[in-house]
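Novice: Numbering (the numbering used here), first residue to last: 370 to 731.
#1: Please classify residue 439 as buried or exposed, where buried requires at least 16 other C-beta atoms within 10 Å of its C-beta.
#2: Where DSSP assigns a beta bridge to residue 725, which residues make up the other side?
#3: List in chain order: all unbroken beta strand (DSSP E) runs of 3+ residues lying wholly within the region 498-576.
#4: Quick check: the Cα distance between residue 524 and residue 444, rounded to an integer number of angstroms?
#5: Check whether the Cβ atoms of residue 457 and residue 423 lie closer than 8 Å to each other.
#6: For residue 648 versus residue 701, is the C-beta spacing smaller than 8 Å?
#7: Would you kindly work out how many angstroms separate the C-alpha atoms of residue 572 and residue 531, rounded to a whole number?
#8: Per the contact definition of three or more C-beta pairs closer than 8 Å, is the region 610-625 in contact with the region 586-599?
#9: Residues in its own chain within less than 8 Å of residue 527 by CB, not counting five upstream and five downstream?
#10: Please report the Cβ distance between residue 611 and residue 581, rounded to the nearest whole angstrom; I am assuming they are in contact, meaning their Cβ atoms lie under 8 Å.
#11: Keeping to the same chain, check which residues put their C-beta closer than 6 Å to that of residue 549; ignore five residues upstream and five downstream.
#12: Distance, Cα to Cα, residue 729 vs residue 651?
#13: Between 669, 715, 619, 673, which has its C-alpha nearest residue 634's C-alpha?
#14: Taking the alpha-carbon positions, what's the residue 658 to residue 614 distance?
#15: Please give me, in chain order, every unbroken run of the beta strand (DSSP E) with length at least 3 that falls completely inside the region 427-495.
#16: If we call anything under 8 Å between Cβ atoms a contact, is residue 558 one with residue 576?
#17: Tell me which same chain residues have a C-beta within less than 8 Å of the C-beta of residue 594, skipping the five on either side of it?
#18: Kindly indicate which residue of 442, 450, 446, 455 has the alpha-carbon position closest to the one of residue 428.
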């Protein structure tokens, strides 16, 4: 009967702090309170010092847990995760304190022995349910170290890449890329978990990992795979591009690392050209549409010829644009209205799996 409760994961799943049990969390917490109260009562009945020990082991940690859960719920902060960690740390004390009622099973003639059997059955069934939910949730975990992410290790074999600016927007991927490239000096634009502080971007190369691909002439850029690449910042062709307005949240299949992003009407790409001269680029899209649609890239007075897209996915050359010095915006204009798809409440424009800029040398 001890086996299901020997791990913090199993016990925490039982009390309902795991996201997979969010709908039943209140019930589990009330049940835990009842069990702990029963444990303290039976401990005091048999030996007062045992009751004080049980209360002192579990009480402060559970009070802190309840306070952090309250803060997380009322302020919308990450305090609920801190509550989980607090409970996990004090688990070795809370577990025996909340199971003192098992002493009722030691007496063959006590009427409480039947109550103990009922409570034990409840604990086992609740644990089996939580294990089942964990099992189904982990069949497709939202965060996974994919083969594409592992391949960033190839950068360590590139002697010309002396240092890196870690510009991968996703924190999970950035954290693992940092771990795979510990032999290269790294700089971070954004504070990263595990004490990777943001700093001045002094790296000679950018490590990028978005759906926007930039190919510079010569050896000034490298593609590791379809998801990651590096750009030399001192290249006379270097520039930055990022998603602007009117894009939905990026989606992915964790098992394969495949990613895509749907747009709203006329989505934008923000371009930052740090040079005093313009850059001439060829724009290519791996794009998907629902139904026929026309597409044109617009940058100030520039406009590429309209491309007719059919229903489904296609790899299309949109046209050539000249990126002026400084910041500019490229709009992917489509005159057709947004469409709705069954099962998706969002109005959809175009879906992109790759936005590629190929810079032309003079």
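Cβ atoms here follow ideal geometry from the backbone N, Cα and C, with glycine treated the same way.
Specialist: In short:
#1: exposed
#2: 582, 653
#3: 533-535, 555-557
#4: 42 Å
#5: no
#6: no
#7: 8 Å
#8: no
#9: 591, 599
#10: 7 Å
#11: 521, 522
#12: 7 Å
#13: 715
#14: 19 Å
#15: none
#16: no
#17: 517, 520
#18: 455
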